[in-house]
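Have a look at the structure below before the remarks.
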Amino acid sequence: MKNSIDKYLRQAHIESASARISRIATRAARAGYLLVRGRPGGREWALLDAGDGEVVYSAARLEEIEGWLDT
């Protein structure tokens, strides 16, 4: 039973994280940016200019990306 609960909680966390990333990516796109991971498997995030692909801003955490988009 405990394993089932743990599995459910992990899945809920993954879905929640996925929804959050999707929401931030949508915000970025509306502002003219593309949200990407800084490097494959890495923990750094980057906002690229949607037109030329240049890095506009990068941060270790999504909270920092959100804060930058708020400015």
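In short: position in the sequence shown from 1, add 676, done, that's my numbering. For each residue, glycine too, the CB sits at the ideal point set by N, CA and C. What you are looking at is a predicted structure, and each value in this text was computed from that prediction instead of being measured.
In this structure, DSSP gives residue 746 a helical state, which the three-state scheme calls helix. DSSP, reduced to helix, strand and coil, places residue 737 outside both helices and strands of the structure shown, so it counts as coil. Judged by DSSP secondary structure, residue 722 falls within the beta strand (DSSP E) whose first and last residues are 721 to 725. Taking C-beta atoms as the reference points, residue 731 and residue 724 count as a pair closer than 8 Å. Listed as beta-bridge partners of residue 713 by DSSP are 721. Contact annotation, residue 720 with residue 736: C-beta distance approximately 6 Å; criterion of less than 8 Å satisfied.
Cβ neighbours of residue 745 within its own chain (closer than 7 Å, five residues either side excluded): 703, 704 and 707.
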